[in-house]
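Numbering (the working numbering) for the sequence shown: 1 to 252. Here a beta-carbon is modelled for each residue, glycine too, at the ideal position from N, C-alpha and C. What follows is a set of notes on a single structure, which appears directly below.
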Amino acid sequence: MWWPGMASAIENMISHCSTCQSVRHLPPREPIHPWLDEEVDPWSRLHIDFAGQFRGRYLFIAMDSASKWPEAKAVSNISTSAAIRCLRKIFATHGLPRILVSDNGPAFVSAPFRAFLRRCGVKHLYTPPYHLNSNGQAERTIQTLKQALRKLLSYNIDFDCCLANALFAIRTTPSRVTGRSPAESLMGRRLLSPLDMMLPHAVRAEIARSPFATQLRVFEVGDTVLARSGYEQLLPGAKGSMCTFCPEEMAS
């Protein structure tokens with residue numbers, strides 16, 4: 001059976017059918033919009049979160065959005081006081097960020113935590129509970145740290161030593177996003193690793209290839225050179241004027 005406007009009538013009926021709506025597939029999720037300030041300066045926006053447990057301890061994670069520099073502090077619990085204590089240490093080393101991003105965990109929504117950031121002048125942004133990927137910077141850091149710690153802890157090494165080694169490896173590894181290591185992006189210099197100490201000649205060769213390296217000039221007999229006579233002050237001339245010397249032939 002068919003009648004004019006049958007297709008639109010069926011669509012209208014289905015759209016108003018509660019049973020049909022309850023069993024239909026979910027629509028595609030809304031893509032995450034990039035941050036409006038993606039080109040931020042280093043240490044302008046931090047993403048924080050808790051992770052754990054690792055041998056009965058938790059980790060307070062902080063990730064700089066621009067440089068990808070990670071900070072991780074071992075804590076015994078995931079309380080507000082632990083988060084504030086870790087942030088005090090991190091801020092004392094790197095300074096205050098402009099923006100701090102966190103999820104809606106109890107430690108981050110408490111009045112003391114909000115008051116602490118307000119006193120510091122730091123703007124606090126929360127990620128929506130239904131879209132945890134909004135805090136993906138911290139989530140990726142947690143996953144990377146977890147993988148590194150599992151590998152190191154399998155050798156029964158001290159936890160603090162494992163954490164320091166894992167952080168050093170992340171900080172000195174070039175990022176796929178920036179093309180530079182977090183240390184280079186945040187500190188403006190390349191950190192020496194044990195591999196560099198094992199291969200000092202390779203480091204010196206890299207420095208020699210730097211555009212700022214001083215090049216050694218090599219002369220051959222017969223080359224034309226410009227030399228200072230050592231008597232510039234005896235030559236007539238006013239301050240700021242140029243004196244011309246005749247080129248000489250290098251004698252054998």
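On the three-state DSSP scale, how would you describe HIS94? For this step, residue 94 is matched to residue 94 along the sequence shown. Three-state result, HIS94: helix.
Buried or exposed, going by whether 16 or more other CB atoms sit within 10 Å of the CB of ILE10? For the purposes of this step, residue 10 is taken as residue 10 along the sequence shown, with counting starting at 1. Counting the other CB atoms within 10 Å of its CB gives ILE10 a total below 16, which places it among the exposed residues.
Rounding to the nearest angstrom, what Cα-Cα distance links THR173 and MET13 in this structure? Counting from 1 along the sequence shown, the entry for residue 173 is found at position 173. Counting from 1 along the sequence shown, the entry for residue 13 is found at position 13. Spanning the two alpha carbons is a distance of roughly 58 Å.
By the DSSP assignment, the alpha helix (DSSP H) with GLU71 in it spans what residues? Position 71 of the sequence shown holds residue 71. Premise fails: GLU71 lies in the beta strand (DSSP E), 70 to 75, not in any alpha helix (DSSP H).
By the DSSP assignment, the alpha helix (DSSP H) with VAL109 in it spans what residues? For the purposes of this step, residue 109 is taken as the residue at position 109 of the sequence shown. First-last of the alpha helix (DSSP H) with VAL109: 106 to 109.
Three or more C-beta pairs closer than 8 Å, one from the region 73 to 84 and one from the region 111 to 119: is that the case here? Yes, since at least three Cβ pairs between the region 73 to 84 and the region 111 to 119 fall closer than 8 Å, the two stretches touch.
Beta carbon of ALA51, beta carbon of ILE61: below 8 Å? As a working note, residue 51 is residue 51 in the sequence shown. As a working note, residue 61 is residue 61 in the sequence shown. Their beta carbons are under 8 Å apart, which means ALA51 touches ILE61 by this criterion.
Between the beta-carbon of LEU191 and the beta-carbon of ARG176, is there less than 8 Å? Counted from its first residue, the sequence shown places residue 191 at position 191. Counted from its first residue, the sequence shown places residue 176 at position 176. No, Cβ-Cβ distance for LEU191 and ARG176 is not below 8 Å.
THR45: first and last residue of the uninterrupted beta strand (DSSP E) it sits in: Looking up residue 45 in the sequence shown gives position 45. First, the residue type needs correcting, since residue 45 is Arg and not Thr in the sequence shown. Unbroken beta strand (DSSP E) run through ARG45: 45 to 54.
Under 8 Å Cβ to Cβ from TYR155, same chain only, skipping five residues before and after it: list those, please. Counted from its first residue, the sequence shown places residue 155 at position 155. Contacts found: none.
Thinking just about the alpha-carbon of each residue, which of ASP158, ALA183, PRO194, GLY5 is nearest to the one in ARG57? To locate residue 57, count along the sequence shown from 1; it is residue 57. Looking at the Cα atoms, ASP158 is the closest of the given residues.
May I ask you to report which of helix, strand or coil DSSP gives SER102? What you label residue 102 is simply residue 102 of the sequence shown in a count that begins at 1. In the structure shown, SER102 sits in a strand (DSSP, three-state: E or B).
If you run the structure through DSSP and keep just helix, strand and coil, what is ARG228? Numbered from its first residue, the sequence shown carries residue 228 at position 228. Coil.
Check whether the Cβ of GLY105 sits closer than 7 Å to any heavy atom of the ligand ADP, and report yes or no. As far as ligands go, the structure on display features none, and thus does not contain the ligand ADP.
Buried or exposed: where does VAL101 fall if 16 or more other Cβ atoms within 10 Å of its Cβ makes it buried? Locating residue 101 in the sequence shown gives position 101, where the first residue counts as 1. Per the 10 Å Cβ criterion, buried.
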